[in-house]
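Residue numbers (this note's numbering): 904 to 1479.
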């Protein structure tokens, strides 16, 4: 599905003119002024050319051109990036072939605090239409954000907590798009307004509606359709309906709306801001065809039901809501050893309901809080660095006849550092993280604790002013998640019976990456090669068994290897 941009405007209203001059002096970390050659997803802003890991940056204009309902689809064309495609309403990033518990999706450096990492049918609670900037970090540098970022980090930056005083007192954003593949209509808008020369407020909202996706042919592949027709000839009405389905993919609709606001105090020494946000989405989940098998009586009662928007409710759909509150603060510390203190805290209350037809199947509740403190060191000659701490607490429950996961709690605490030396043409970087994770479920009387130490070491050498080569190596350790440890039941949305293993060990990996990058005369290129070797790699193994008419998948461990190449090239086609 490709979106067509209708309107994208940034209107600077000439109100409060007296604030224009002072506002310009108070700008702190203004994302509008940062180009795609700088990465802020780090303890301190750094040039992409200086980073030892593969990085990609999508600015606001690029995000508008690639607009899609979910963040995974938006960034899928970046080097080393693809996306899960379980349904149009649920698409999560895949970095270098890794997904789920090995990829972290962040909102301004703090996790999205949803359950998108637990299953491919769960949506990320971030609406790309409100994003201002997305930064993607692949490789060892992502370890600063937790062991669950072993494969990489996607950091989505928005304007909900204002970072700068608008130049002319008020700044208005508005965007709208339509797309024909699913009859999509999307609109979003935001306003930043300076109440004084130091206090800025922000409000935003978005709304998106899509119908079932046009597929241009039969719903079933030829072999499956032939099988369904055989059952239809035997008088099976459900098989006949599936064989006749064409033109649109059933249960692929989405409806999403968001709203939020924030306020910041911005001075010449730092800022302190607070925001609240609401995210709501209802989307269908296409399931595998039954071909006339496994049809429940209650399905007949709902097959002709449509909601007020005309979307047909099929076997499975998901409705989710999230309330979220965030705090962001930073302060300049002067001329001592430490230059800056930065604090981020986020809390979210998430509810997620899986519907079977018109009936409630399973209700997921997830309350979580995550905090992060970063201390940036003042640069001392060739030496620069930062260190900090992070915590995450999650309380999860699933209620319903088909709840596949018992209530559980996760507590995680980590310490991290990154240090670098810039010795002329040679740059050396080292980073490390210690993490302690406790995962428990009182419902089944199981508690596990894990300690993990991860580290990375790399070097970069400038061949010329615009061309550099580099290499880095890493050792990463990841604790098993609650889903991998405790799952035991049918998950209707994924059409699987999932079984965890409470005896799983820590997942460990070695990683190696090399790159060649350059830029000259408007031309830019980046070539990279990477490999990761895993011990105790956690995966879902198909047992070949069935339970409740669903295939049984058991979490298991084994060896695994990831490797690949990445290439990116850009050149101006004509002078502006």
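All residues carry an ideal CB built from backbone N, CA and C; glycine is no exception. Fair warning: this is a prediction, and the values are worked out from it, not measured in the lab.
Start and end residues, alpha helix (DSSP H) containing residue i
i: residue 1389; result: 1385-1389
i: residue 1054; result: Taken as a continuous stretch (DSSP letters only), residue 1054 belongs to no alpha helix (DSSP H), as it is neither H nor E.
i: residue 984; result: First-last for residue 984: 984-986, but that is the beta strand (DSSP E), not the alpha helix (DSSP H).
i: residue 966; result: 963-968
i: residue 1376; result: Per DSSP, residue 1376 belongs to no alpha helix (DSSP H); it is in the beta strand (DSSP E), 1370-1381.
i: residue 1141; result: 1140-1147
Residue(s) in a DSSP beta bridge with residue i
i: residue 1177; result: 1166, 1230
i: residue 1457; result: 1402, 1444
i: residue 1270; result: 1252, 1298
i: residue 1449; result: 1454
i: residue 1465; result: 1435
i: residue 941; result: 950
i: residue 1160; result: 1110, 1183
i: residue 989; result: DSSP output for residue 989 lists no bridge partner at all.
i: residue 960; result: 1038
i: residue 1358; result: 1335, 1378
i: residue 1060; result: 1036
Helix, strand or coil at residue i according to DSSP, with G and I counted as helix
i: residue 953; result: helix
i: residue 1131; result: helix
i: residue 1238; result: coil
i: residue 1047; result: helix
i: residue 1102; result: strand
i: residue 1393; result: strand
i: residue 1005; result: helix
i: residue 974; result: helix
i: residue 1033; result: helix
i: residue 1223; result: strand
i: residue 1079; result: strand
i: residue 996; result: strand
i: residue 1263; result: strand
i: residue 1136; result: helix
i: residue 1276; result: strand
i: residue 1126; result: helix
i: residue 1021; result: coil
i: residue 1112; result: strand
i: residue 1090; result: strand
i: residue 1151; result: strand
i: residue 1476; result: coil
i: residue 1246; result: strand
i: residue 1430; result: strand
i: residue 1010; result: strand
i: residue 1366; result: coil
i: residue 1470; result: strand
i: residue 1189; result: coil
Bounding residues of the beta strand (DSSP E) (the contiguous stretch that carries residue i)
i: residue 1040; result: 1036-1041
i: residue 1422; result: 1410-1423
i: residue 1016; result: Residue 1016 -> no beta strand (DSSP E), and no H or E assigned at all.
i: residue 1118; result: 1117-1121
Residue i Cβ short of 7 Å to the ligand GTP heavy atom set
i: residue 1157; result: In the structure shown, the ligand GTP is absent, as is every other ligand, since no ligand is present at all.
Subject >> Length at least 4, wholly inside the segment 1282-1353: the alpha helix (DSSP H) runs in chain order >> reply: none
**OP:** Evaluate contact between the segment 1316-1334 and the segment 1044-1052, counting only Cβ atoms and requiring at least three cross-stretch pairs below 8 Å.
**Re:** yes
Original post:
Does the pairing of the segment 1114-1122 with the segment 1170-1183 give three or more beta-carbon distances under 8 Å?
Top reply: no
Original post:
Taking contact to mean at least 3 C-beta pairs separated by less than 8 Å, is the segment 1065-1082 in contact with the segment 993-1001?
Top reply: As far as the Cβ criterion goes, the segment 1065-1082 does not touch the segment 993-1001, which means the pair count is below three.
Subject >> At least 3 beta-carbon pairs within less than 8 Å: the segment 1315-1325 vs the segment 1283-1300 >> reply: yes
Original post:
How do the segment 1426-1439 and the segment 1221-1234 stand: do at least 3 beta-carbon pairs fall below 8 Å, yes or no?
Top reply: Because the criterion of three Cβ pairs below 8 Å is not met, the segment 1426-1439 and the segment 1221-1234 do not touch.
Original post:
Touching or not, the segment 1271-1280 and the segment 973-981, by the rule of three or more beta carbon pairs under 8 Å?
Top reply: The segment 1271-1280 vs the segment 973-981: no contact.
Original post:
Hey, is the segment 1435-1451 in contact with the segment 1380-1394, meaning 3+ C-beta pairs nearer than 8 Å?
Top reply: yes
Original post:
Is there contact here, the segment 1147-1156 with the segment 1096-1111, by at least three beta-carbon pairs under 8 Å?
Top reply: no
Original post:
Okay, do the segment 1259-1270 and the segment 1281-1289 touch, 3+ Cβ pairs below 8 Å being the bar?
Top reply: no
Original post:
Do three or more CB pairs link the segment 1300-1312 to the segment 1335-1355 at distances below 8 Å?
Top reply: Contact between the segment 1300-1312 and the segment 1335-1355 is present: 3 or more CB-CB pairs across the two stretches fall below 8 Å.
**OP:** Examine the Cβ distances between the segment 1430-1447 and the segment 1399-1417 and report whether three or more of them are shorter than 8 Å.
**Re:** yes
**OP:** Pair every Cβ in the segment 1183-1192 with every Cβ in the segment 1159-1166, then say whether three or more of these pairs are closer than 8 Å.
**Re:** Short answer: they touch.
**OP:** Decide if the segment 1358-1367 is in contact with the segment 1026-1034; the criterion is three or more beta carbon pairs, one per stretch, under 8 Å apart.
**Re:** Put simply, the segment 1358-1367 does not touch the segment 1026-1034. Fewer than three CB pairs are less than 8 Å apart.
**OP:** Give a yes or no on contact between the segment 1381-1389 and the segment 1001-1010, applying the rule of three or more CB pairs nearer than 8 Å.
**Re:** yes
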